[in-house]
Every structure is written in C-alpha cells, then in structure tokens.
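**Q**
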Amino acid sequence: MRHSEGYPFISHMLAFIVGTFFALCSPAAASNAGDASASFLRFSPSPRGTGMGEAYTSVSEDAYSAWWNPAGLASVDGAGLAATYNDSMGDVVHQYLSAVYPIHYGSTLGFTLTRLGVAPFQGYDSQGAKTGQVGSSDYSVGGAYGRALLKDEIERPVLNVGVGVKMIGEKLGNASANTAAVDLGVLYYIRPANYWMRSVPAQELRVALSVRNLGPGLKFDRRSSPLPVSVTLGGSWHSHPGGNAGLILSLDQTVANDEKYHPDFGAEYVAYQLLSFRAGYCGGQSVGTGLRVGVGFHLSLLDIDYSMSPYGELGAMHKLGVSMRFGAPVARQPLAGKTARAEKAKLIAPKEKIEKLEMFAKDFLELAQKALAERKYVAAYADIQKAFNLDPGLVNGEWGRVNKRLDSIIVGLKLVAIPQREQVLARDSEQTNLAAEAISAYIEGKELKGFLFAHAASGTDLHGDVMYEELLNMMSDYVNMPVRRDEVLPLEALVKEKLRKAAGWFYDQHFDAAVRECEEVSIIDEKNPVAWTRLGSAYFMMGDKDKAKRAYRKAVQLNPEDRMTKQLMDEQGWTQGTESK
-3 MRHSEGYPFI
7 SHMLAFIVGT
17 FFALCSPAAA
27 SNAGDASASF
37 LRFSPSPRGT
47 GMGEAYTSVS
57 EDAYSAWWNP
67 AGLASVDGAG
77 LAATYNDSMG
87 DVVHQYLSAV
97 YPIHYGSTLG
107 FTLTRLGVAP
117 FQGYDSQGAK
127 TGQVGSSDYS
137 VGGAYGRALL
147 KDEIERPVLN
157 VGVGVKMIGE
167 KLGNASANTA
177 AVDLGVLYYI
187 RPANYWMRSV
197 PAQELRVALS
207 VRNLGPGLKF
217 DRRSSPLPVS
227 VTLGGSWHSH
237 PGGNAGLILS
247 LDQTVANDEK
257 YHPDFGAEYV
267 AYQLLSFRAG
277 YCGGQSVGTG
287 LRVGVGFHLS
297 LLDIDYSMSP
307 YGELGAMHKL
317 GVSMRFGAPV
327 ARQPLAGKTA
337 RAEKAKLIAP
347 KEKIEKLEMF
357 AKDFLELAQK
367 ALAERKYVAA
377 YADIQKAFNL
387 DPGLVNGEWG
397 RVNKRLDSII
407 VGLKLVAIPQ
417 REQVLARDSE
427 QTNLAAEAIS
437 AYIEGKELKG
447 FLFAHAASGT
457 DLHGDVMYEE
467 LLNMMSDYVN
477 MPVRRDEVLP
487 LEALVKEKLR
497 KAAGWFYDQH
507 FDAAVRECEE
517 VSIIDEKNPV
527 AWTRLGSAYF
537 MMGDKDKAKR
547 AYRKAVQLNP
557 EDRMTKQLMD
567 EQGWTQGTES
577 K
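Here you go:
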C-alpha cells in the first residue's frame, strides 16, 4: 500500500502539468496562422463542450474524451456511444461518431469516426475557365486508450493518462492526401479531505493537459501542410450548490500552430439531475462574438445535447448530439451508492485518511447491527453498502456473507416494494418474533435454524399474513429441503411433535432418525431437557458414547432432578470430571 504526503504531491503534480504546457507551447506555435491543413480536426464534436465555450479539456469523462482529452476515458464507468450532427455554414456538414468500452474501471478503450463534407461547388482550371463540379471531404478514424495510474483511498482515479492514434484523410476533386497523428492527455483530480461524510458529492478541482494532432502534415502533390497541432491546459471546479444540482466552472488555455493563444471560459448548471444549462466564451474566434450557449437533457440511459455558436454575418452553427449509456452509472460518492473502483491503479492517499475510512466503515457496520436488531432490514442493508464503499475489503469477509443473505431476505419478502411488511415484522407478537428469529438465524448462516423457526412462524396463525408462508418457502429453497407440512405448527406444538417423532423412531430402532429429531428440537428449544435426554439415549444405542455423555450432561444441567439420567451416568462412570470408559 502506498501513501502520498498530501499537499507536496499535489504541488509537484500541478507544477509538472503546467511546466509541460509551457514546454510544449513553443513547438505548437512554430507555424504561421492559417498554414495548417485538416482544419476539420479543430471542430469540437461535443455539443456539451461547445456549449461550455469549448473549455472542456478537464471536464470530459464520456465518449467524446477521445477528442478532448484521452485521459478522461479512464474515468468512464460504462460502455457507451455518442453521435453528433453539426449543421455548419456554407453547406458544410460535420459528423462525429464515438464509442467507449471500459476493460475495467480505470482502463478504457475509445473509438472515433469523424467526417466533414462540403456540398459540390463550381471548379475552375488554371486559366479561370469553369470546369465541372468539385467535391471535397475530410475524414478521421482512430482509437484511444485511457488509464488511471493513481487512485485515492476509495479507489477512484486521481491521475489519468491517455493516448489516441488516428488516420486522417482529405480529398479535393481527384486529389487526396493521408497521414496519421497522435493525441496525448493527462488529467489530475484534487479532492477535499472529508468528502465521505457529506450527503451530496463533494467539490472537486481538476487540472488537465491535452496535446492534439501530433504527426506529419498532409501532402498534396509536392507541398506538405502541417496538421493543426495544439496544446491545451485546462482546469475546472465541480461543486454542488444543492442536493440535486451541480455547477461546473471551467477554463482552457490553448496554444496552436495555426491560431494565436486564446483562453476559453465555460459554465454548466445541472438542475435536478435532469436538465443542463450551459454558456461560455471561446476566445479563439475571429468572426462573431465567441459566445456559446447550450442545453442538455439527461434521461436514464440517454443524454441529448444541443449547442449554438453565432458567427456574425456567416450565421450560426448548430450541433445536436446523442449519448447512450449501456448500464446504470455508478455513484461518484461512497455514501450515495456503489462506487466504481480503479483496481489496477496504485493507491496514493495519506495513512490518516485511510484509517478514517476504516473507522467510519466500522461505524456503519454498528449502525447495521442496530438496524438488524430493530428489524429494519432495508436500512441495515443500506448501512452495510456504505461500509463496503468506504472499506471494500469487508466484502470478502463475514460481512460480505451477511450482506448476501440479507439481500436475499429483502428481495424474497419484497420489503422494498412493500414497506408495510417491514413495519409488520417490527411488531412484538409471537408470530413476528418467530419470523424475526428465522430471519436472524439465516442471516447469521444458521440455515436449518431459520428453516425450523419459519415453520413455527407460519404455524402460529395459518390464516395470517401470506408473508409468513412466503418466508417458509424461501427458507425451504435456501436449505434445499421440502416444507414439512405436518410441522407447520406453533412453536410449542412443533417441539412436542418432534419429540413424539423422536420417541417413535427410537422404539422402532431408527436411532439416526431419532437423533435428527432431537437435534432439531435442541436448535429451536435449546433448554429442553427431554430433547437432550432422548438425544443421549439415541447416541448411546448407536454406540457413540462420547456424544451420549455430552447430551446426558446437558440434560442433567438443565434438570438436576433427573435421577434416572444421573443413575445411568454413574453406571457408565460419567460423573462430572471423569473420562468415558
């Protein structure tokens, strides 16, 4: 286990990212403005990012990350698809398709396809004479990979890196050119110390560095034009002004070989986790105001995003995008639900923070024990989940087994769908107490005990709530034993019935069956001396004198007036402190 020293590491990491940005600024700005080819590579595909003024380098954790910053892919927790249609000016159409697939959380692949098409236009020869219609198109096909190198105490990514490789092509009439390029990215998270005790996700600061389109230029005939290489340093502040609201403020600073240095600003407000409002300013725009606005709708497995970018007399650029998620997203806050774990990354967290997490996890387990004693099974399950999210190692221990059994009870009895059932179980009555005994026994791993008490609970009132019959059938499935209809009796009657069966088996010399009946009585009525006496007699007749002696001693302990059992023990030399003969 590796721990950081806290603030010294943060300052070193920030210094590295900022230093790398300035080191790369000079090469990125080496060419003259307007010299670069494949200008379509500068068209941001994400309506969300565009709506935020294209200040999205440190924000992106979605299917668009392969374009913005491949390091963001490592924080994607589920497979997804994204598609954008960009209705640009002058009959120009820009389309983008991407997919992401996490190998595991903290290690994600991305795939992208970009196409820009221009409506055919009039061509001219070198003398200025008209020729036929000329077509023009651009494309890019690529793959990207993001990996979390460092993780925090609950195994969320702290430092991500990413790389993307793409093939690029341009076609103008009968001429075409192709090349390849590489994108690089870094993403670093800074989180406060005591986030886990908040009821809403904590505030978060992100710093990112992205280098795009590193590679040889496109060559038409004998002339080569460089790609639009850019270096972006980004930062964003993620906060939650309300329980169901979110606010992001972001800033990107970009240096490119075909543009001057420019800053971009953006903001996003999410209301009720359903509707997003976005606005920003793109400082690198030479035509129009540079303002950006956008809106987004968040559905269960689908996001719909729109952005509008005014370009003065040229008109406005409209982008519409759809993002699909396959599977429900996990919580980013350990107390809000199951949290994804970047298992392959190295742990970097102060020892004190890890110890606090373990302490808080134990607190939630104590709350779970209290809730179980009060028969608040759903609340107990929630507390156990919170403990697991704070200390994942608990899943592999006894509490992991308790959690699994408790989940079976909650699902089987439909306690979430029918909360009134939990209220019924909380009452103090003979039937509810027996049902609670059955549930507690099963949760503790004593399946047979739970099975027997379920018979007694159901038999206490045969015309009562159907829940008790369902509990009995559940226990039957858990122990893989059929329901014994002749034993669906009140507890006292059940004990008498099993002792009667034991006596019958004994006199028929089926001693193993007699042992089974007496042992089951001892499970549900441990202080029944008759059960222990008959158990000892059955063991004695089977020749197992050690077990017979222990059973007889238990019987005498419970009933010191049992002279016959004492006499038998004396004859065998089984008085207290002696060994068996």
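Numbering-wise, the sequence shown is residues -3 to 577 according to our numbering.
Virtual Cβ for every residue (Gly too), placed ideally from N, Cα, C.
Tell me the start and end of each unbroken beta strand (DSSP E) in the segment 126 to 191 that is at least 3 residues and wholly inside, in chain order.
**A** Within the segment 126 to 191, the complete beta strand (DSSP E) runs of at least 3 residues are 126 to 147, 153 to 168, 171 to 186.
**Q** Tell me whether F104 sits in a helix, a strand or coil according to DSSP, three-state version.
**A** Here residue 104 turns out to be Thr, not Phe, going by the sequence shown. If DSSP states are grouped into helix, strand and coil, T104 belongs with the strands.
**Q** Does D301 come out as helix, strand or coil in the three-state DSSP assignment?
**A** Strand.
**Q** Can you list, in chain order, the residues of its chain with a C-beta nearer than 7 Å to that of A544? Leave out the 5 residues immediately preceding and following it.
**A** If we look at A544 and ignore the five residues flanking it on each side, its Cβ neighbours are G532, Y535, F536.
**Q** So, D217 versus G230, is the Cβ gap smaller than 8 Å?
**A** In this structure, G230 does not lie closer than 8 Å to D217 by Cβ.
**Q** Which of the three DSSP states is assigned to L467 in this structure?
**A** Three-state DSSP puts L467 in a helix.
**Q** Return the chain-ordered list of same chain residues with a C-beta closer than 6 Å to the C-beta of E465, the five sequence neighbours on each side being excluded.
**A** Excluding sequence neighbours, E465 sits near S454.
**Q** Cα separation between H451 and Y184?
**A** Rounded to the nearest angstrom, the two C-alpha atoms are 58 Å apart.
**Q** Touching or not, the segment 148 to 164 and the segment 75 to 94, by the rule of three or more beta carbon pairs under 8 Å?
**A** No: the two stretches stay apart, fewer than three of their Cβ pairs being nearer than 8 Å.
**Q** Enumerate in chain order the residues of its own chain whose CB-to-CB distance from E57 is below 7 Å, with the five nearest sequence positions on each side excluded.
**A** Answer for E57: G68, S71, V72, listed in chain order.
**Q** Pull up the distance between the alpha-carbon of M304 and that of Y377, whole angstroms please.
**A** The straight-line gap from Cα to Cα measures roughly 46 Å.
**Q** Sorted by chain position, which residues of the same chain lie with C-beta nearer than 7 Å to T561's C-beta, five sequence neighbours on each side aside?
**A** The residues are T529, Y548, A551, V552.
**Q** Do G441 and M471 come within 8 Å of each other at the CB atom, strictly closer than that value?
**A** Contact flag unset, no.
**Q** Would you tell me roughly how many angstroms separate the C-alpha atoms of F360 and L386, rounded to the nearest one?
**A** So the two alpha carbons sit approximately 10 Å from each other.
**Q** Assign V412 to one of two classes, buried (16 or more other C-beta atoms within 10 Å of its C-beta) or exposed (fewer than that).
**A** Per the 10 Å Cβ criterion, exposed.
**Q** Output needed for R423: all residues of its chain with C-beta closer than 7 Å, excluding positions within five of it in sequence on either side, in chain order.
**A** If we look at R423 and ignore the five residues flanking it on each side, it has no Cβ neighbours.
**Q** Can you give me the start and stop residues for the beta strand (DSSP E) that K215 sits inside?
**A** 214 to 216 is the extent of the beta strand (DSSP E) around K215.
**Q** Using alpha carbons as the reference points, say which of G408, F273, S136, V96 lies closest to F39.
**A** Considering only alpha carbons, the answer is S136.
**Q** Would P222 and S33 qualify as a contact pair, given that the criterion is a beta-carbon distance under 8 Å?
**A** In this structure, S33 lies closer than 8 Å to P222 by Cβ.
**Q** If you follow the alpha helix (DSSP H) that W570 is part of, which residue opens it and which one closes it?
**A** Run containing W570: none; DSSP gives neither H nor E here.
**Q** Would you call the segment 44 to 64 and the segment 286 to 294 in contact, with 3 or more CB pairs under 8 Å?
**A** Because the criterion of three Cβ pairs below 8 Å is met, the segment 44 to 64 and the segment 286 to 294 touch.
**Q** Taking the C-alpha atoms as reference points, what is the distance between A431 and L448?
**A** Spanning the two alpha carbons is a distance of roughly 10 Å.
**Q** Could you check where the beta strand (DSSP E) with G231 kicks off and where it finishes?
**A** Where G231 is concerned, the enclosing beta strand (DSSP E) stretches over 226 to 235.
**Q** Specify, as a first and last residue, the run of the alpha helix (DSSP H) that R530 falls within.
**A** Start and end: 525 to 538.
**Q** Is it right to say Y268 is buried, meaning 16 or more other beta carbons lie within 10 angstroms of its own, or is it exposed?
**A** Looking at its Cβ environment, which holds fewer than 16 other Cβ atoms inside 10 Å, Y268 is exposed.
**Q** Please report the distance separating the alpha-carbon of I405 from that of Y52.
**A** Each residue's alpha carbon lies about 46 Å from the other.
**Q** Could you tell me the alpha carbon to alpha carbon distance between H90 and R111, rounded to whole angstroms?
**A** For H90 and R111, the distance between alpha carbons rounds to 6 Å.
**Q** Three Cβ pairs or more, each shorter than 8 Å: is that satisfied between the segment 366 to 374 and the segment 413 to 421?
**A** Yes: the two stretches touch, three or more of their Cβ pairs being nearer than 8 Å.
**Q** If you compare alpha carbons, which of N65, A275, L485, S133 is closest to T104?
**A** Selected option, being the one with the closest Cα: N65.
**Q** Mind checking which residues open and close the alpha helix (DSSP H) that includes Q427?
**A** From DSSP, the alpha helix (DSSP H) with Q427 extends over 426 to 439.
**Q** Going by the beta-carbon positions, is the gap between E515 and V475 smaller than 8 Å?
**A** Result no, Cβ atoms of E515 and V475 do not sit closer than 8 Å.
**Q** May I ask you to list the residues that DSSP assigns as paired with A498?
**A** DSSP output for A498 lists no bridge partner at all.
**Q** What does DSSP give as the partner residue(s) for D83 in the beta ladder?
**A** V89, H314, per the DSSP bridge assignment.
**Q** Mind reading off the beta-carbon distance from D379 to L363? Whole number of angstroms is fine, and I expect it under 8 Å.
**A** Confirmed, Cβ separation roughly 4 Å.
**Q** Which residues in the same chain have their Cβ closer than 6 Å to the Cβ of F384, if we skip the five residues on either side of it in sequence?
**A** The residues are L390, V391.
**Q** Using the C-alpha atoms, what's the distance from V225 back to L210?
**A** Rounded to whole angstroms, L210 to V225 spans 6 Å at the Cα level.
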